[in-house]
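Chains as they are written, first to last, in my numbering: chain D, 30 to 358; chain V, 30 to 358. Using N, Cα and C, we set each Cβ at its ideal position, and we do this for glycine too.
Protein chains: 2
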Amino acid sequence: MMKPEYVLGIDIGGTKIAVGLVDAKGRQVAGDRTPTQPDTPPEKTINRMLDLCRALIRRAGINKESVRAIGIAFAGPMDPLEGRIKNPPNLPGWHGLPLVSMVQENLGMPTYIENDANAAALGEARFGAGVGVENMVYMTVSTGVGGGAVLDGRLYRGETGSACELGHITLVHNGRECGCGAKGCLEAYASGTALAKRAKEVVRSGERSVLADLAGDVDNITAKTVVQAMQQGDELARRLWDETMEYLGAGVVSVVNIFNPRLVVLGGGLTNTGEILFIPVREAVKRLAMAPLAEVVDIVPAKLGDAVGVIGAAAVAFEKAPGATNVSK
Amino acid sequence: MMKPEYVLGIDIGGTKIAVGLVDAKGRQVAGDRTPTQPDTPPEKTINRMLDLCRALIRRAGINKESVRAIGIAFAGPMDPLEGRIKNPPNLPGWHGLPLVSMVQENLGMPTYIENDANAAALGEARFGAGVGVENMVYMTVSTGVGGGAVLDGRLYRGETGSACELGHITLVHNGRECGCGAKGCLEAYASGTALAKRAKEVVRSGERSVLADLAGDVDNITAKTVVQAMQQGDELARRLWDETMEYLGAGVVSVVNIFNPRLVVLGGGLTNTGEILFIPVREAVKRLAMAPLAEVVDIVPAKLGDAVGVIGAAAVAFEKAPGATNVSK
Numbered sequence: 030m031m032k033p034e035y036v037l038g039i040d041i042g043g044t045k046i047a048v049g050l051v052d053a054k055g056r057q058v059a060g061d062r063t064p065t066q067p068d069t070p071p072e073k074t075i076n077r078m079l080d081l082c083r084a085l086i087r088r089a090g091i092n093k094e095s096v097r098a099i100g101i102a103f104a105g106p107m108d109p110l111e112g113r114i115k116n117p118p119n120l121p122g123w124h125g126l127p128l129v130s131m132v133q134e135n136l137g138m139p140t141y142i143e144n145d146a147n148a149a150a151l152g153e154a155r156f157g158a159g160v161g162v163e164n165m166v167y168m169t170v171s172t173g174v175g176g177g178a179v180l181d182g183r184l185y186r187g188e189t190g191s192a193c194e195l196g197h198i199t200l201v202h203n204g205r206e207c208g209c210g211a212k213g214c215l216e217a218y219a220s221g222t223a224l225a226k227r228a229k230e231v232v233r234s235g236e237r238s239v240l241a242d243l244a245g246d247v248d249n250i251t252a253k254t255v256v257q258a259m260q261q262g263d264e265l266a267r268r269l270w271d272e273t274m275e276y277l278g279a280g281v282v283s284v285v286n287i288f289n290p291r292l293v294v295l296g297g298g299l300t301n302t303g304e305i306l307f308i309p310v311r312e313a314v315k316r317l318a319m320a321p322l323a324e325v326v327d328i329v330p331a332k333l334g335d336a337v338g339v340i341g342a343a344a345v346a347f348e349k350a351p352g353a354t355n356v357s358k
Numbered sequence: 030m031m032k033p034e035y036v037l038g039i040d041i042g043g044t045k046i047a048v049g050l051v052d053a054k055g056r057q058v059a060g061d062r063t064p065t066q067p068d069t070p071p072e073k074t075i076n077r078m079l080d081l082c083r084a085l086i087r088r089a090g091i092n093k094e095s096v097r098a099i100g101i102a103f104a105g106p107m108d109p110l111e112g113r114i115k116n117p118p119n120l121p122g123w124h125g126l127p128l129v130s131m132v133q134e135n136l137g138m139p140t141y142i143e144n145d146a147n148a149a150a151l152g153e154a155r156f157g158a159g160v161g162v163e164n165m166v167y168m169t170v171s172t173g174v175g176g177g178a179v180l181d182g183r184l185y186r187g188e189t190g191s192a193c194e195l196g197h198i199t200l201v202h203n204g205r206e207c208g209c210g211a212k213g214c215l216e217a218y219a220s221g222t223a224l225a226k227r228a229k230e231v232v233r234s235g236e237r238s239v240l241a242d243l244a245g246d247v248d249n250i251t252a253k254t255v256v257q258a259m260q261q262g263d264e265l266a267r268r269l270w271d272e273t274m275e276y277l278g279a280g281v282v283s284v285v286n287i288f289n290p291r292l293v294v295l296g297g298g299l300t301n302t303g304e305i306l307f308i309p310v311r312e313a314v315k316r317l318a319m320a321p322l323a324e325v326v327d328i329v330p331a332k333l334g335d336a337v338g339v340i341g342a343a344a345v346a347f348e349k350a351p352g353a354t355n356v357s358k
């Protein structure tokens, strides 16, 4: 029997850092978290994070030698080869930080970094909804829309590690302004943020709805409020949801026509609504994607839930670490 | 010194079949063509094609043993693993034909098939505009819009060999009807056919223009007429062209945001217009694609011209043939 092997998965987001010790089957055997605190110097935050990692290994009672590598999923742009952070919008103080070498030197293990959406895609492919699938696209529909793709069994990173900015497929030529500076992007129509924004607009314009009452105030309306109102029979909320699903469906149709995948895995907050999201999206793909491509694709929910950050980071580590169990097939 | 190696490249389109003997540097040393004649039984057409291939080898005066494999680029859907044609819209009589085994048995060489856009992408990557590039997307802008992608140095085929239907990215939600059955696809806005159709519409609506005179009749207006009229200073033609370029630019922006490529290679009839196409498309990418992705990508013309079919088919053969020179790196 082979000796047990572990990696450390580190998920660095704008508000929290989660760390986990993950085995070769993608099971998190121990985990912890700490706030990111964008206002404190990043070195301090990183030291806290490193302490958590060391404590995790001690607490798990395993030999440090059996931890083979570290994977980091980072919510922002970076140079994955240099391992350096580049202008992260949520963590401005982290710009230029040689994060990979800092972690590697302090913990004495090979360390790899990937943007969070790519890491999540790899996590779902190796340990989640996409196990055994060669061609899979992961889309996260949350405050934003992002994604990653595992093609021919391997994570596709693109020329600079930024592939699959699926939220920034143009969906409505000259449409709503998007945070990226362009207009009409999928993210400006089918994200939770876009849904909430649109809901506020129409409630302010005077349309009848329970939305403002449910939220306490127009300003507090979120995507969740829209879903709640819809479940209470609110017609405006239903219309807003249907519109959003139509846009999301069109985005997934583009993804299917571009990647000819076996699987599209949808994750992120908005997808927790379940069938009210999956039914219209599947219907759109069946109706609008090219027939031979629509025939072979399934649209399924992500499996890893909130653990996708840590497990995805761990999948990156398993894939890249020399000598670690190759989980790539 | 290694012995010279060749492959046969066969390019089967709706109107003609081109065959060529291609060396390991992508040079066509001999070539010929024959009409496809959709109305004659496909077996007859294929026999003519096989005779051309045999004659080509004889004429070139090379040893048959030095021809290592055959690649076929086919303009229509197929099962690339089974090598069987599936419902090709331009060649309905060819449905179900086991083309690969027919060619293989008759010519006694390993034979491989790929759809024409994928083969063209591989051809440009190995022997054309994309030599040495790891991540390249090829887009053809002609009567339709199609494409293929070479990712991490390898042709990406997708689950059923139909990846990169780039003409069917949704560009205008609920926009113009597309031949694929969906609405608002890139192809319905940025193909030569779409440009001609739009020109006919506006001329018929009574707008002043030299377009009808140039074409002889409104019905005869083509994309070429629009370009000619524009070069003569026709304002309507200029507006139609600018609109088309805006749509094409938006499509290329989506491609850049999705693939994070080093290179986008644009080929096909409409791109022969040169700078009047490349300048606005490059400008759109610079202005609208995500900044880190826009920084690393170049938008360049295809290099193989009309030979892309045969050379692309040859690239498929070189990539797949056992024992042939591996041109993939």
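The Cβ of V:T189 sits closer than 9 angstroms to at least one Cβ of chain D. Annotated three-state conformation of D:G43 is coil, per DSSP. For D:R155, none of the residues of chain V pass the 9 angstroms Cβ criterion, the least Cβ distance being about 18 angstroms. Contact annotation: in the region 299 to 321 of chain D, residues whose CB is within less than 7 angstroms of a CB in chain V are L317, M319 and P321. Residues are counted here when their Cβ sits less than 7 angstroms from a Cβ of chain D; for the region 280 to 291 of chain V these are V282, S283, N286, I287, F288, N289, P290 and R291, given in chain order. Under the Cβ criterion of 9 angstroms, V:E163 is counted among the residues facing chain D. Neighbourhood of V:P106 in chain D, by CB distance below 7 angstroms: P321, in chain order. Following the DSSP letters along the chain, one finds D:T222 inside the alpha helix (DSSP H) bounded by residues G221 to R233. In chain order, N286 and I287 make up the part of chain V whose C-beta sits under 9 angstroms from the C-beta of D:L195. Segment contact: the region 77 to 88 of chain D against the region 119 to 129 of chain D, fewer than three CB-CB distances shorter than 8 angstroms; contact not assigned. Among the residues facing chain D, V:E348 is not included, as its CB has no counterpart in that chain under 9 angstroms away.
Taking 9 angstroms as the threshold, the shortest C-beta distance from D:L180 to chain V falls below it.
Secondary structure note for V:N147: its alpha helix (DSSP H) is the uninterrupted segment D145 to F156. Around the C-beta of D:T69, fewer than 16 other C-beta atoms lie within 10 Å, and the residue is accordingly described as exposed.
Where D:A104 is concerned, there is no enclosing alpha helix (DSSP H), because DSSP gives it neither an H nor an E. Per the C-alpha coordinates, the member of D:L126, D:G159 and D:L128 positioned closest to D:G296 is D:G159. Looking from the CA of D:G43, the closest CA among D:L37, D:P64 and D:G60 belongs to D:P64.
The beta-carbon of D:A98 is placed no less than 9 angstroms from the nearest beta-carbon of chain V.
Contact annotation, V:G100 with V:P117: C-beta distance approximately 18 angstroms; criterion of less than 8 angstroms not satisfied. Non-local C-beta neighbours of V:R205 in its own chain, meaning closer than 7 angstroms and more than five positions away in sequence, comprise K212, G213, A217 and Y218, ordered along the chain. Under the DSSP assignment, D:D327 falls in the beta strand (DSSP E) whose first and last residues are D327 to P330.
Ranked by how close their Cα comes to the Cα of D:V326, the residues D:L306, D:R291, D:I41 and D:R311 have D:R291 in first place.
Within the same chain, D40, G60, R62, G338 and V339 come within 7 angstroms of D:A47 by CB-CB distance, once the 5 residues on both sides are set aside.
Just measuring C-alpha positions, the residue of D:G280, D:A225 and D:R97 sitting nearest D:K253 is D:A225. At least 9 angstroms separates the CB of D:E94 from every CB of chain V.
The beta strand (DSSP E) runs of length 3 or more contained entirely in the region 72 to 138 of chain V are, from start to end of the chain, 96 to 103. Measuring C-alpha to C-alpha distances from V:V58 to each of V:K45, V:Y35 and V:Q66 identifies V:Y35 as the nearest. Taking a contact to require three or more Cβ pairs closer than 8 angstroms, the region 86 to 103 of chain D and the region 174 to 187 of chain D do not qualify as touching.
In the displayed model, D:D61 falls within a strand according to three-state DSSP. Distances from the CA of D:N301 to each of D:A331, D:V314, D:Y276 and D:T273 were compared; the closest alpha carbon is that of D:A331.
Contact between D:F156 and D:G55 holds: CB atoms are separated by about 3 angstroms, below the 8 angstroms threshold. D:R113 places its beta carbon 9 angstroms or farther from that of D:V132. Residue pairing by DSSP puts V:D52 in a beta bridge opposite V:Y35. By alpha-carbon distance to V:V231, the top candidate from V:I198, V:T251 and V:L265 is V:L265.
At least one CB atom of chain D sits nearer than 9 angstroms to the CB of V:R186. When the beta-carbon positions are compared, D:N147 and D:A192 come within less than 9 angstroms of each other.
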